[in-house]
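Residue numbers for the sequence shown follow the numbering used here, beginning at 2 and rising by one. For every residue, glycine included, the Cβ atom is placed at its ideal position computed from N, Cα and C. Since the model is a prediction, treat every value here as computed from it, not as a measurement.
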Amino acid sequence: MSHIIRSLLVPISGGQILLPSAVTAEITAYHKPEIVREKQPEWFIGMIEWRGQRIPLIALEKILSLPTTRPTARFRTLVLYGLEVPQTLPFYALVTTDIPHVLSVSEAHLAHVNEEKRTGFVFTVKINQQETAWIPDLTYLENLLRKTV
2 MSHIIRSLLV PISGGQILLP SAVTAEITAY HKPEIVREKQ PEWFIGMIEW RGQRIPLIAL
62 EKILSLPTTR PTARFRTLVL YGLEVPQTLP FYALVTTDIP HVLSVSEAHL AHVNEEKRTG
122 FVFTVKINQQ ETAWIPDLTY LENLLRKTV
């Protein structure tokens, strides 16, 4: 028997990612982040205010070498729980190009796509006949952030 996992299908420039909804703290409107320092990695956009604390904001597109687009009114900020070392990185956020969609998935409904592995992602899955999504390596992303922030 396959377990059903409530997930979010998250649109980013050039594709979409699939995340378990349990790692999501909140989805908010996109606000321009504060740049932390003059020379920072392209994928690290800056810091945002969220519920009285400053959290880092990243652009997955930059990690994946995908094209990015200028923020529009449809952009959102997806706040995630820090899983690896929550004492030092309790939350961080990703930029999305639109509102994520809730999706219930089971392993039986996902098909692994043989595609070149991209840095920062575990693998690519086929959700249905037309849609594929990347499953991000959250440990990798959090390690990048801890080295940068």
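Could you give the first and the last residue of the continuous beta strand (DSSP E) run that contains residue i?
i: ARG7; result: 5-13
i: ILE56; result: 54-59
i: GLU50; result: 45-51
Output the boundary residues of the alpha helix (DSSP H) element that contains residue i.
i: TYR141; result: 139-149
In this structure, what does DSSP give as the bridge partners for residue i?
i: THR78; result: THR29 and VAL96
i: GLY16; result: ILE13
i: VAL103; result: LEU9
i: GLU35; result: MET48
i: PRO21; result: SER8
Within 10 Å of its beta-carbon, does residue i have 16 or more other beta-carbons around it, so buried, or fewer, so exposed?
i: VAL86; result: exposed
i: GLU62; result: buried
i: GLY53; result: exposed
i: LEU146; result: buried
i: LEU81; result: buried
i: GLU36; result: Here residue 36 turns out to be Ile, not Glu, going by the sequence shown. ILE36 should be labelled exposed.
i: SER105; result: exposed
i: SER8; result: buried
i: PRO34; result: buried
If you measure between the beta carbons of residue i and residue j, is that distance less than 7 Å?
i: LEU142; j: ALA94; result: no
i: PRO137; j: ILE18; result: yes
i: THR98; j: LEU79; result: no
i: ILE49; j: ALA60; result: no
i: PRO21; j: ILE5; result: no
i: THR69; j: SER14; result: yes
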